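Take a look at the structure set out below.
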Amino acid sequence: MASLLAALPAPSKHHVLPTAPAAPPAPAQTMQAFEPPPYLKRRNFVPRRPEDFGGGGAFPEIAVAQYPLDMGRPDAPRSNQTLAVSMNAEGHVAFDSLLAQGSNKNKIIHADHKALVPKLDRMTKEALAKPDDEEVKKTIAETQAALERVVQNKLSAANPATLPSQPGGPQYIKYTPTQQGPATCQ
């Protein structure tokens, strides 16, 4: 590197950048730490802002709704972004449970590499073969029976004629008023 610099000629011009005059230093603005009034001198003190609490908690002797550090404030925007982390059997983070939050709650999520790899026991010729006619008819009959049961249950629930009979018939009681106090009519 030194031989390269020695081989170069010396610069013929010197460039000097104009410099702006240095600004006088601004007075340092220090932020004053606010301390709440001492215990017996809080007569008209009402904490409203987070600074009024002095980094501490609420004042129980002041009978006003207080929200230190804006905790529990009813008008604060509610955004709970905390997720519970669960572990799988091997002690690793179960990312599929993290993905199944919010709008993905009812969706099937395949978060592992195992979900992408086809299962070898399902790749046999018997498993991949088309079902025969007897098996197709059996499946159709089972499905039809299940659907008929669902429809029957819906119809019987909607039909008021199928209300269960209650034990015992109606009882009629005749009301006859009696005079229990002295008669005041004359």
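Each residue of the sequence shown is one higher than the last, beginning at 915 in this note's numbering.
Heads up, the beta-carbon is just placed ideally off N, CA and C, and yes, glycines get one too.
What you are looking at is a predicted structure, and each value in this text was computed from that prediction instead of being measured.
- Across the structure, A972 and Q980 are spaced so that their CA atoms are roughly 6 Å apart.
- The continuous stretches of alpha helix (DSSP H) do not include V960, and DSSP gives it neither H nor E.
- Distance from L983 to L997 at the Cβ level is roughly 22 Å; contact not present, criterion being Cβ atoms closer than 8 Å.
- When the five nearest sequence neighbours on each side are left out, no beta carbon in the same chain lies closer than 6 Å to the beta carbon of K1044.
- In the same chain as F1009, and ignoring 5 residues on each side of it, the C-beta atoms closer than 6 Å to its own belong to A1025, in chain order.
- Per DSSP, reduced to three states, the secondary structure at V1031 is coil, with no helix or strand assignment.
- DSSP places V1064 in the helix class (H, G or I) of the three-state scheme.
- For V1007, the secondary structure class from DSSP, reduced to helix, strand or coil, is strand.
- Taking the C-beta atoms as reference points, G968 is found no nearer than 8 Å to P991.
- For E1040, the uninterrupted alpha helix (DSSP H) segment begins and ends at K1039 to L1042.
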